[in-house]
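Only one structure is covered here, and it is reproduced in the block below.
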Amino acid sequence: MFNPGIIYMLASVFLFAIAVVIHYHTNHLSLPLSPIITILSIILPITAFLNAYIYPNLLRSSHTFTSGSIATRLAPVVLQGLQAIVTAVLATLLFEGVVPSPALAFLIDYEWDKLYQAKDADYIMLIQNTYDCCGLNSVSDRAYPFFFVPGGSCAEVHARTRPCREPWTAALQVASGIDFGVVLVVGLMQMIGLLIMRERTAWWTALRTEDWKPFSETDDESARRLFTVPEESEDSSDRGESRRGYGAVEAVAGPSDEQRVDG
Numbered sequence: 068m069f070n071p072g073i074i075y076m077l078a079s080v081f082l083f084a085i086a087v088v089i090h091y092h093t094n095h096l097s098l099p100l101s102p103i104i105t106i107l108s109i110i111l112p113i114t115a116f117l118n119a120y121i122y123p124n125l126l127r128s129s130h131t132f133t134s135g136s137i138a139t140r141l142a143p144v145v146l147q148g149l150q151a152i153v154t155a156v157l158a159t160l161l162f163e164g165v166v167p168s169p170a171l172a173f174l175i176d177y178e179w180d181k182l183y184q185a186k187d188a189d190y191i192m193l194i195q196n197t198y199d200c201c202g203l204n205s206v207s208d209r210a211y212p213f214f215f216v217p218g219g220s221c222a223e224v225h226a227r228t229r230p231c232r233e234p235w236t237a238a239l240q241v242a243s244g245i246d247f248g249v250v251l252v253v254g255l256m257q258m259i260g261l262l263i264m265r266e267r268t269a270w271w272t273a274l275r276t277e278d279w280k281p282f283s284e285t286d287d288e289s290a291r292r293l294f295t296v297p298e299e300s301e302d303s304s305d306r307g308e309s310r311r312g313y314g315a316v317e318a319v320a321g322p323s324d325e326q327r328v329d330g
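The sequence shown begins at 68 in the working numbering and counts up one residue at a time.
Encoded structure:
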C-alpha cells in the first residue's frame, strides 16, 4: 500500500524543481516578475513539507502539555495559518501576471524602458534574438542597436517585422501561470494534509520506519490497547478485593483454640 508521506515528499520536491526552473527562466529573459515572488515560490513547497512533517508532533504537544506556554499550544495553528496567508498572497500576485490588464501592460512597458534607459544591450538583444523580434511596440521602438545607423537597425539587419511586446508578454503570462499552479497545488496539499492527518497518525513516522499501516488500523489497535489495559487492571483489582473480603470472614485457628481442643 502506498505511503501518503512519501507521495507528499515527492510532490514537494517536484514542485520545488519547477519553481527553480521558472525562477531561472524569468531572470534569463528579464521578465517583469519580481525575484522575491519567484524565490518565495521556490521556498514554499519545501517549507510546506517541513510544516506538514512537524505538524503532528506540535499538535500532540499542544494537547499533552496543557499547562505549557501559550506559544506551544498555538504553534500548530500559527504555522498553518502563516503558510495559508503566504500561499494566498503569492497566488494573488501571480494571478495578476496571468490575466491581461492595463496594469500588466504598464509593467511590460516599464520593464522594457528600464532596460533601454540603462542601455542594457545584452538583455535586450537576448530578448530580441529569443523571440525573433525587434523593439517593444514596434520594430523601431527602443530597439537594439540603440543608435540609428542607416541600414543597421534591428529590423533591417535581421529582416524582422514583429515587435517584442506580444511574445514577451506571453512569456510572462506562462511563467506566472506555472508558478501560480505550483502555489495552488501547495495550498491544496495543505488542505488535504490537514484532513487526513490526526494527532496519532503514523504516516509521517513511517517515513523513518519500514512498515506503514493506514490510520484506521493503527488507531483501532491503539484504541483497543487503551481500553483493554484498564479493563484487565480493574478485573484484577476486583478479584483481589474479593479475596480479601472472603479472608476477613473466614475463621483462623490460633494457638488458644488448639489448646482448648486438647483440653
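Heads up, the beta-carbon is just placed ideally off N, CA and C, and yes, glycines get one too.
Asked	Found
Which stretch, first to last residue, makes up the alpha helix (DSSP H) that contains arginine 232?	232-263
Apart from the five residues on each side of it in sequence, which residues of its chain come closer than 7 Å, Cβ to Cβ, to arginine 232?	Ile175, Leu203 and Asn204
How is proline 112 classed by DSSP in three states: helix, strand or coil?	helix
List the whole-angstrom C-beta distance separating valine 249 from serine 108, where the pair is believed to meet the contact cut-off of C-beta under 8 Å.	6 Å
Ignore the nearest five residues each way along the sequence and tell me which others in serine 309's own chain have a CB closer than 8 Å to its CB.	Its pLDDT being 48, under 50, serine 309 is placed unreliably by the model, and nothing is read from it.
Using only CA atoms, which one of Leu193, Arg209 and Phe116 lies nearest to threonine 93?	Leu193
Taking the beta carbon of aspartate 180 as the centre, do at least 16 other beta carbons fall within 10 Å, making it buried, or is it exposed?	exposed
Helix, strand or coil for cysteine 201, going by three-state DSSP, please let me know.	coil
Just to confirm my understanding: we take histidine 95, look at its own chain, exclude 5 residues before and 5 after, and list those with CB closer than 8 Å. What are they?	Leu193
Is the CB-CB distance between tyrosine 75 and glycine 260 below 8 Å?	yes
In angstroms with no decimal places, state the Cα-to-Cα distance between alanine 210 and leucine 98.	16 Å
Return the CA-CA distance between valine 241 and threonine 159, expressed in angstroms with no decimal places.	15 Å
Run through the segment 135-189 for me and flag every whole alpha helix (DSSP H) of 4 or more residues, listed as ranges in chain order.	137-163 and 169-184
When you compare the CB positions of proline 234 and aspartate 208, do they come within less than 8 Å of one another, or not?	no
Excluding five sequence neighbours on each side, which residues of the same chain lie with their C-beta closer than 8 Å to the C-beta of phenylalanine 213?	Tyr183, Lys186 and Ala188
Nearest-angstrom Cα distance between phenylalanine 119 and leucine 111?	First, the amino acid is wrong: residue 119 is alanine here, not phenylalanine. Going by the C-alpha atoms only, they are around 12 Å apart.
Check whether the Cβ atoms of glycine 164 and serine 243 sit closer than 8 Å, and answer yes or no.	yes
Looking only at its chain, what residues have a beta carbon closer than 6 Å to the beta carbon of threonine 236, apart from the 5 residues adjacent to it on each side?	Ile175
Going by other Cβ atoms of all chains shown within 10 Å of its Cβ, with 16 needed for buried, is phenylalanine 247 buried or exposed?	buried
Once you ignore the five residues that flank threonine 114 on each side, which residues in its own chain have a CB closer than 8 Å to its CB?	Gln150
So the candidates are Ile106, Leu146, Ile104 and Thr105; which of them puts its Cα closest to the Cα of isoleucine 121?	Leu146
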